[in-house]
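In this note's numbering, the protein residues as written are 4 to 1193.
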């Protein structure tokens, strides 16, 4: 027995996961360490195969059948079908078996095809070629054959096939540049570092001589964390140990950029890579409507069982009299007499079950499947959701969730590439209170005629001139920007110098590029970093050289970065740039108040601001700094903490120079979309892997946070100052102080009567909130956190790992309200939350197609979400809600007369209707009208739905499928059924109907009831239809005509293949009677009258917002234009938001001097009041009438 394994398990589960550290040893190149150094224990690791498919060839049939028969309806129909096969029942097994077989087959084909596509995608990934170093040579292999320990050669623009430790690169300094867009959504270039002792191994032969092992942690999903060390064996016995961190790890899915090649060793492969660990398994999603259908189904099953039980009991009560038990026309056989009474009773019970089973028709599920499948094409055909830039429209990957688009309460959106274009634009800089605003510059794209500098206020004096140039130099030097001297990058020409070559800037931070380009427009051009010297071209076209001595990198806790440089004259400068909150407290001189005022002004406008400061160093100070940094960098224990302390000691006593403002351009109409979603009652959360400052600025620009919003921070910085428990309770008290027990759901987020709160939380704090307590419960903190979130109009989660995004979605999804959630993103880092949410939407952006492939729906741009939810989602929900309720209603009308009939036929299981009518009622006579209604019904014009998002609130929380409405439809069906049966019964009583005095028989009675039934349920649907087209008329009146024609043919011909002719001439004889016509018309009128009276009274006395707008639209004859005050039609008037408190863009200040040119093609920052009565939209809707198609 392996006692070590037992000891590890005990230590793992008894002392806690945190204290138990597991590790793996990787032998680089599969070479054993030198003899006598350590034991060579090869470990087994998975291969590099990626599996995202659900089925295999062997398990598809059993697994798929198991999943399908887990659905209550399918299992029920299977039981009914088996009962019909086993015992003698009044109806044929084909009536249940054929529709069930059709549904199961179609669903299996659909799911099999989707999984085949996943297999195909997996094979494409697993079979792509990779280059491996073996015995000093480059060998080409398929990706799935890659093993842990293999040394891999990756070339520029190739994607890393697994998680790797960087050994060496084509660059002399051992660095390489990587884009991690498909992992964390950031398309900027990040710098990674080779191990210092291996960066000189630049050939296959040299790498073949490398003997080293890597000890690292076992795979875990955190993208930003890695702990390990490398042991390099040389001539002497003792190995050289070097620490490894996340800066040495190249993750699967990232792409090598602007580096010719790298050599790296595989440490995690296949499903153990961080990317794979961050993927959720693709589970079957069920819509709220489907759950309601299942609940209704259970109710109707109970009704069915009770009907069958009542009839069975009453049958044996009736047959207690021997004369009734065996009438002369229906004597029992000998075997029937000898059968035990319980067996006979059970057989009769099952027979009644089969007779009444039409109350739950399988055709409803067939119709729902067809409605979802055909209805999904309206999204793909929508021309307004087509994007000319990428040449694609919206895609539907699953049609099962169409109606869920109309029920969304929470939206979780990514930031980079979803809300923004990830395209930074330099707006202005402020030096000692003087503001410099160049014309529009965007990542090197310079507009013609935009040459020159505009300045606000007075020009600076001689001292100011010196500070101005020092500020420009600081921004040219304090960054990590690289200069690329090639013609193209990523296939796009990006020039800096007009007509002077094709260099361009790349950086891990897009705003750094924008700042350096902004300085170029203001006269100072950063040229290159060469031989550790940074070169600048100043305004006089002179090249200045600064020696780069130290870089103090940016981190999210410090929120600043610094460089130490030596000028050509020997002066030592420490330049620092960072967030205002991290710079101002460290400043001892400079025009702080003027700069602070400008920073606050720009922050209000949603611009990203940075402050710049400097100090001169003496040589002694510089030597002390070097010593301090060296000590911290060499520490193996608590290295991050010691570096933070060193940075804190160095970055002090600054002289303030000024500040900058940069804009991360939003996608077109992103702000308008978010505002509409808020008005529709949805809460929008932004989940991003980006820095807090960047994300917060975007939230302001997109109107997620408003000028009046009070920001609450639940971040690492705050929890370091105060413990998490106290912070949570402080925030809870803050948000509940004003609202008491009310939550934000009680009132509109746009109201001025309440304080608006916005919450910002980072990934590390979220981990602490979700972390189990000592007793294993997480309830306490999670509940407080959820309570805070409920009272905030918007929430921003930054520095989120992909799996944390999914955890946030799951937390809200399973909270006590169980709200419907939607996640939208564009990168592979968003896949987990897209799969976790009730509805997942992928954006076909620049970050690859992983999100679009794994989503339920894919759209080209964020702005298309507005129409998808407010129009398509609204229509889908209205349509399917009516479909479900109507189907149950028409089948109660259908089967309840059959139940009543048993009281008049001695409970003999005699059908009231002919077999043909039983079979065709749901398949032909009443199926097409409701299918067409569920595809094209528009209860309100789509232009009105777009203009007034608050109409979305009317259908929220599954309001049309609540129990009250369901019970109303059921009782309406029972009432109509009683009218059909007893109306016909009493009109027939003691009456002769034909000229020769002949009485109508039982089949004529059943046919009369059936005729009234078909006409009533079809006309009921016609009364519910608001949107009439020629197709509606054709299908509704055509269905009634088809019933009449079929009945005439069915009863007018002696069919040779039938063994009975009981329906011969029945229908014609019925129609030849005047009283029968009177009976049909009278019963149809009486059946429909109560529902009509109820609707008229409710519309007159208690109209909903939707009904008010329908009445107004009819009043205007379908031409309700944008000048009609829709706000006056609402049941309760919403206060109009003050348009002036919304943040105007810089370009909207008419009083300013002409300092700023607003470049066309930017985002739509139009602001809207909450009442459409005060709006004048740019496009008229007056042309849209009733005939507007989806």
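In this text, a Cβ means the ideal position worked out from N, Cα and C, and glycines have one as well.
Extent of the continuous alpha helix (DSSP H) to which residue i belongs
i: residue 689; result: Where residue 689 is concerned, there is no enclosing alpha helix (DSSP H), although the beta strand (DSSP E) it sits in stretches over 686-690.
i: residue 867; result: 867-870
i: residue 923; result: 918-923
i: residue 1194; result: Here the chain covers residues 4 to 1193 and nothing more, so residue 1194 does not appear.
i: residue 657; result: Unbroken run through residue 657 is the beta strand (DSSP E), 657-669; no alpha helix (DSSP H).
i: residue 207; result: 207-211
i: residue 878; result: 877-904
i: residue 87; result: 75-89
i: residue 675; result: 673-682
i: residue 523; result: 513-524
i: residue 805; result: 805-816
i: residue 861; result: Here residue 861 belongs to no alpha helix (DSSP H); instead the beta strand (DSSP E) covers 860-862.
Residue i: first and last residue of the uninterrupted beta strand (DSSP E) it sits in
i: residue 63; result: Residue 63 -> not in any beta strand (DSSP E); alpha helix (DSSP H) instead, spanning 63-72.
i: residue 218; result: 215-220
i: residue 158; result: 154-158
i: residue 725; result: Where residue 725 is concerned, there is no enclosing beta strand (DSSP E), given that its DSSP letter is neither H nor E.
i: residue 194; result: 192-196
i: residue 366; result: It is not in any beta strand (DSSP E) - residue 366 instead sits in the alpha helix (DSSP H) that spans 365-378.
Distance CB(residue i)-CB(residue j) smaller than 9 Å
i: residue 172; j: residue 165; result: no
i: residue 767; j: residue 802; result: yes
i: residue 482; j: residue 564; result: yes
i: residue 154; j: residue 269; result: yes
i: residue 763; j: residue 799; result: yes
i: residue 535; j: residue 518; result: no
i: residue 1008; j: residue 988; result: yes
i: residue 50; j: residue 149; result: yes
i: residue 635; j: residue 646; result: yes
i: residue 670; j: residue 423; result: yes
i: residue 698; j: residue 866; result: no
i: residue 905; j: residue 355; result: yes
i: residue 411; j: residue 842; result: yes
Neighbourhood of residue i by C-beta distance below 8 Å, restricted to the same chain and skipping five residues each side
i: residue 104; result: none
i: residue 1145; result: Bear in mind that a pLDDT of 38 at residue 1145, under 50, signals an unreliable position, so the number given afterwards is only what the model happens to contain. Taken in chain order, the residues that qualify are 706, 709, 710, 1170.
Contacting residues, own chain, Cβ-Cβ under 7 Å from residue i (five flanking each side not counted)
i: residue 956; result: 683, 684
i: residue 215; result: 31, 233, 234, 235, 236
i: residue 308; result: none
Closer than 8 Å: residue i CB and nearest the ligand SAH heavy atom
i: residue 421; result: Only the bare structure without any ligand can be found here, which leaves the ligand SAH out of the picture.
Beta-carbon proximity list for residue i, same chain, < 6 Å, skipping 5 on both sides
i: residue 303; result: 362, 363
My parser needs the alpha helix (DSSP H) runs of 4 or more residues fully inside the stretch 552-614; what are they? Counting whole runs of 4 or more residues, the stretch 552-614 contains the alpha helix (DSSP H) stretches 583-586, 595-607.
What are the complete alpha helix (DSSP H) segments, minimum 4 residues, inside the stretch 931-999? 945-950, 966-991
Any chance you could list the beta strand (DSSP E) runs of at least 3 consecutive residues sitting entirely within the stretch 1016-1058, in chain order? none
Is it true that the stretch 553-572 meets the stretch 385-405, where meeting means three or more beta-carbon pairs spaced less than 8 Å apart? Taking a cut-off of 8 Å for Cβ pairs, the stretch 553-572 and the stretch 385-405 do not touch, as fewer than three such pairs fall below it.
So, does the stretch 342-349 touch the stretch 856-874, judging by three or more C-beta pairs under 8 Å? As far as the Cβ criterion goes, the stretch 342-349 does not touch the stretch 856-874, which means the pair count is below three.
Any chance the stretch 295-313 sits against the stretch 189-206, with 3 or more Cβ pairs inside 8 Å? no
Three or more C-beta pairs under 8 Å: does that hold for the stretch 648-667 against the stretch 601-614? Result yes; three or more Cβ-Cβ pairs closer than 8 Å.
On the three-pair Cβ rule with 8 Å, is the stretch 895-907 touching the stretch 357-375? yes
Three or more C-beta pairs under 8 Å: does that hold for the stretch 1037-1049 against the stretch 905-913? no
Inter-stretch contact (C-beta, 8 Å, three-pair minimum) for the stretch 810-823 and the stretch 698-716: no
Cβ pair count under 8 Å reaching 3, the stretch 230-238 against the stretch 131-144: no
Stretch-stretch touch, CB-based, cutoff 8 Å, three pairs: the stretch 539-552 with the stretch 688-695: no
Cβ pair count under 8 Å reaching 3, the stretch 62-71 against the stretch 243-263: Under the three-pair Cβ rule at 8 Å, the stretch 62-71 does not count as touching the stretch 243-263.
Are the stretch 413-425 and the stretch 877-896 in contact at 8 Å, needing three or more beta carbon pairs? no
Closer than 8 Å is the cut-off here; do at least three beta carbon pairs connect the stretch 474-481 with the stretch 517-533? yes
Taking three-plus beta-carbon pairs below 8 Å as touching, is the stretch 830-845 in contact with the stretch 275-284? yes
Quick one: any contact between the stretch 958-975 and the stretch 925-934, if contact means 3 or more CB pairs under 8 Å? The stretch 958-975 and the stretch 925-934 do not touch, with fewer than 3 CB-CB distances between them shorter than 8 Å.
With a threshold of 8 Å, are at least 3 pairs of Cβ atoms found where one atom belongs to the stretch 400-409 and the other to the stretch 867-883? yes
Spell out a yes or no on whether the stretch 783-800 and the stretch 372-381 are touching, meaning 3 or more CB-CB pairs, one atom from each, closer than 8 Å. no
Inter-stretch contact (C-beta, 8 Å, three-pair minimum) for the stretch 645-661 and the stretch 432-443: The stretch 645-661, when compared against the stretch 432-443, does touch it at the 8 Å Cβ threshold.
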